[in-house]
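Shown next, in structure tokens, is the structure this report addresses.
Number of protein chains: 2
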Amino acid sequence: MNIRFTNARILTMADNEDIFEGELHVKDSKITYVGKKTENGSLNGFDRVIDCEGNVLMPGFKNAHTHSGMTAMRSYADDLPLQEWLTTKIFPMEAKMTGEDCYILSKLAVLEYLTSGITAVFDMYLAPYDIARCAIDTGMKFVQVSGINKFGPSMEELEERYLKINDGNPLSSFMLGFHAEYTCDLSLLEQIAALAHKYKAPLFAHNSETQREVKECIDRYGKTPTELMDSLGMFEYGGGGYHCVHFSDHDIEIFKEKKLHVVTNPGSNTKLASGIAPIQKFMDAGINIAIGTDGPSSNNCLDMFREMFLVTGLCKLSTGDASAADGLTVLQMATVNGAKAMGLDDADVLKEGKEADIIMIDLHQPNMQPLNNIAKNIVYSGSKTNVKMTMVHGKILYENGEFFIGDDPEELYKKANEIIKRIG
Amino acid sequence: MNIRFTNARILTMADNEDIFEGELHVKDSKITYVGKKTENGSLNGFDRVIDCEGNVLMPGFKNAHTHSGMTAMRSYADDLPLQEWLTTKIFPMEAKMTGEDCYILSKLAVLEYLTSGITAVFDMYLAPYDIARCAIDTGMKFVQVSGINKFGPSMEELEERYLKINDGNPLSSFMLGFHAEYTCDLSLLEQIAALAHKYKAPLFAHNSETQREVKECIDRYGKTPTELMDSLGMFEYGGGGYHCVHFSDHDIEIFKEKKLHVVTNPGSNTKLASGIAPIQKFMDAGINIAIGTDGPSSNNCLDMFREMFLVTGLCKLSTGDASAADGLTVLQMATVNGAKAMGLDDADVLKEGKEADIIMIDLHQPNMQPLNNIAKNIVYSGSKTNVKMTMVHGKILYENGEFFIGDDPEELYKKANEIIKRIG
């Protein structure tokens, strides 16, 4: 479908580019024009013309760490610390989940992503083939990352997933990773490192989310999780870490040297009392910082507006500096930096030739007025109510509160409630 | 207008009452029935029957500290510490604001309050007569508190405001207060204390928002702001403080003994890097804790969902205890405790005879599914998108995204932009 957006305020997120008034054209899955108003007739070659009424078009948010299928466990086991929550509540339920459950529950997550202007997710969960099916069926962009740990899958299965899911479908790809140091033994970590070497692939994992995790790793290996992974050669081809809360200066040095990505998850880190990530230090080191919601059972919502405010707010709080991590910097993290971490180099900014992963931010809402600084409004006062449209790969999946993913939302809610009744 | 809400999930917020399925009746400004489904015909004596479709009815949120008229300065002077922001940016602009500006800008704030399910605000700002007019014209409940400081108004004007605005209109009332210790001299504080004694009135002020404020007060008087106010007899008839971030154990003891209210403002405190309030200590002392957004120039949004998540999140983070300040406790703060602090004893819970300040929370949204724990869903994953209706004093002011305050929102946006152009 070819769509012409007119009368828009455009925030390309390309370097040093201010918001300007103009229009944007989409043909099939690509952006074919971004610029000033064009002169030629309104419907020439377009299936649809959308008058943006002065609203903002910008790149969709990249949710750079999540576990979509955990929607079933939202508000199921709150107010518990990470380790207890994981071992006594979550793992036993996950053992009962089927691939079809994952498919349904990931679709429920997709609905919520769309309401928050998220156009791609970096997803680590069970049943990757079913999740890939969810991506293709709904139209959402899933970059999956393997969450292998000592309970499975086998290395052979992991390699097969890596090869099969990376079949070129632009909505579905797969990166190498593992759950975390504390759920893998050394021999497994060595095998994973070898696989990353075989494919010259970047590698991602939960890293230093809690103090306990770091302490136990040091007790076991005399090294922090980052030092251990580095010593195993896991970062030869890049990659990064999720959470990265309790990082030493040496860990930061390793991330800087190896050009690794930090994915910060402040909603989850506050709710589980894990701590505040040293965002200012990461910025000072020039490390690429992306933002993720984490899963809906630890956060509990899949809302990039909440995360953006927390990134800047917690950075200001922990440094005591109200100017730290300003609005535009955080907007960069939530879009361009996320795309970079997830290998979505063609879905980062609004530019001719880039993939059409675009959202429209409604300025005709009281929380966006007056228009003193639109980018800061989005970060400091924006909310899901401002997401008027979410387009993924050229297809509008959410517009004016309606979903277009091929499922009736009420049916998905019903099925999700049935699943939790069965496995809870 | 008499309205019958059927097919609702009802969260009364009365002590120990679980959510139940039933209906609720409103006649004029009061709740006349809350309970199980009634048998009699649907339209008997009702002007309208609203099928809630299983959505939640609960008491509206009480925004217990705000400066509504500051909407003009949203995203105007961000990323600055409190004192610099206040003295170099805000005060000079406020000097140019007219009463009519305040009226318009407060109306803009009302729109946003309604989208966030806020049914009453504890407002401290310039031009109280114009703000009272805003309350009555829009239908929003404003409890104003005087923000007197050394720049004005005179004590005579303050007393006149107190008497005139407390004329019995249920939408508009006025409480005694002052801006903060650091903007008043001792003689003024003594006069304010005397006025509170004359009317046996509770007294509110910004209190210990920043470390600098506390340090300078100790330098000046050898006392913390709380100790100073207490020593001046300011708390003989109750009252409380806004922010209350840097409280000593002795300050907490005073608040406990005098049964004072803490109004916490975590959004503003994070964004201005002011600090984290000791919520757990306040809870341990049995102090009534209410929640406020603070003004839209320091937060920058008027969103109780953001505040609720921050209250629980920051409490969990600062105590290192993921079970601290759980969802239901925070929901209590945002509703019942706020009503208590604001003197709105008849607008606290859903019960026969109480004022009809009611909101409907939409559960037919992905962030509210599945329904494992509805109260926790509201606090941990709720957002403005879930506010389906906001009723204040028996009148629906917001429903399905539409406003009913007697103004065209677009006109208010336009006027707000004109004001900032003039005074900015």
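Chains as they are written, first to last, in the working numbering: chain B, 1 to 424; chain V, 1001 to 1424.
Even glycine gets a Cβ: it sits at the ideal position worked out from N, Cα and C.
All values derive from a computational prediction rather than experimental measurement.
Please tell me whether residue i has its Cβ less than 8 angstroms away from any Cβ of chain V.
i, result
"G320/B", "yes"
"Y398/B", "no"
"I118/B", "no"
"C52/B", "no"
"Y76/B", "yes"
"D407/B", "no"
"C134/B", "no"
"P296/B", "yes"
"L317/B", "yes"
"G292/B", "no"
"I131/B", "no"
"I420/B", "yes"
Just the chain V side, please: which residues come within less than 9 angstroms of residue i by C-beta, in chain order?
i, result
"T87/B", "Those do not exist, as T87/B stays about 14 angstroms from chain V at its closest Cβ, beyond 9 angstroms."
"G69/B", "Residues of chain V passing the Cβ test: none, with the nearest at roughly 13 angstroms."
Using the beta-carbon count (16 or more within 10 Å), is residue i buried or exposed?
i, result
"E433/B", "Only positions 1 to 424 of chain B appear in this structure, which leaves residue 433/B out of reach."
"T1210/V", "buried"
"M368/B", "buried"
"G275/B", "buried"
"K1096/V", "exposed"
"P1092/V", "exposed"
"R1009/V", "buried"
"N377/B", "buried"
"M360/B", "buried"
"M1333/V", "buried"
"S1187/V", "exposed"
"A1194/V", "exposed"
"E257/B", "exposed"
"K372/B", "In the sequence as presented, Lys is not what sits at residue 372/B; that position holds Asn. When all chains shown are included, N372/B counts as buried."
"Y199/B", "exposed"
"D185/B", "exposed"
"M229/B", "buried"
"N1300/V", "buried"
Please tell me whether residue i has its Cβ less than 8 angstroms away from any Cβ of chain B.
i, result
"Y1380/V", "yes"
"H1426/V", "Outside the shown range of chain V (1001 to 1424) lies residue 1426/V, about which nothing can therefore be said."
"F1091/V", "no"
"T1390/V", "no"
"H1246/V", "no"
"K1281/V", "no"
"K1271/V", "yes"
"G1313/V", "yes"
"R1306/V", "yes"
"I1104/V", "no"
"I1359/V", "no"
"D1101/V", "no"
"D1303/V", "yes"
For residue i, return the contacting residues in chain V, with the cut-off set at a CB-CB distance below 8 angstroms.
i, result
"T385/B", "T1115, S1383, K1384, T1385"
"I19/B", "Going along chain V, no residue has its Cβ under 8 angstroms from I19/B, so there is no contact; the nearest lies around 13 angstroms."
Mind pulling the chain B residues with CB within less than 8 angstroms of residue i?
i, result
"N1417/V", "Q369, P370, L371"
"N1377/V", "R74, S75, N300"
Run down chain B in chain order and give the residues with a C-beta less than 9 angstroms from the C-beta of residue i.
i, result
"H1364/V", "P409, E410, Y413"
For residue i, return the contacting residues in chain V, with the cut-off set at a CB-CB distance below 7 angstroms.
i, result
"E112/B", "P1366, N1367"
"L108/B", "P1366, Q1369"
"G286/B", "Going along chain V, no residue has its Cβ under 7 angstroms from G286/B, so there is no contact; the nearest lies around 20 angstroms."
For residue i, which residues in chain B fall below 7 angstroms Cβ to Cβ?
i, result
"S1323/V", "D79, L80"
"F1309/V", "R306"
| said: I want to know whether the stretch 1172-1191 of chain V touches the stretch 1220-1231 of chain V - three or more CB-CB distances under 8 angstroms. | reply: yes
Which runs of the beta strand (DSSP E) at least 3 residues long sit entirely within the stretch 1082-1128 of chain V? Give them in chain order. 1118-1123
Next item on the list: At 4 residues or longer, and completely inside the stretch 1195-1261 of chain V: list those alpha helix (DSSP H) runs for me, N to C.
Entry: 1211-1221, 1225-1231, 1249-1257
> Touch check for the stretch 57-75 of chain B and the stretch 1299-1307 of chain V: three-plus C-beta pairs under 8 angstroms?
Replying inline: no
Return the chain-ordered ranges of every alpha helix (DSSP H) run that is complete within the stretch 154-192 of chain B and spans a minimum of 4 residues.
155-165
* Three CB pairs or more closer than 8 angstroms across the stretch 51-67 of chain B and the stretch 336-352 of chain B -> yes
*Segment contact, 8 angstroms Cβ cut-off, at least three pairs: the stretch 1277-1294 of chain V with the stretch 333-344 of chain B*: Flag = no, the stretch 1277-1294 of chain V and the stretch 333-344 of chain B do not touch.
Count Cβ pairs between the stretch 1127-1139 of chain V and the stretch 1164-1175 of chain V that sit closer than 8 angstroms; are there 3 or more?
yes
* **Ordered list of beta strand (DSSP E) runs contained in the stretch 1303-1391 of chain V, each at least 3 residues** => 1358-1361
Under 8 angstroms, with one C-beta from each stretch per pair, do the stretch 109-127 of chain B and the stretch 1386-1400 of chain V reach the 3-pair mark? no
Three CB pairs or more closer than 8 angstroms across the stretch 204-220 of chain B and the stretch 150-161 of chain B: no
Quick one: which unbroken alpha helix (DSSP H) runs of 4-plus residues sit fully inside the stretch 265-308 of chain B? Chain order, please. 266-271, 279-284
Practice prompt. Answer yes if the stretch 1259-1267 of chain V comes into contact with the stretch 1232-1242 of chain V, meaning at least three C-beta pairs across the two stretches below 8 angstroms, and no otherwise.
Written response: yes
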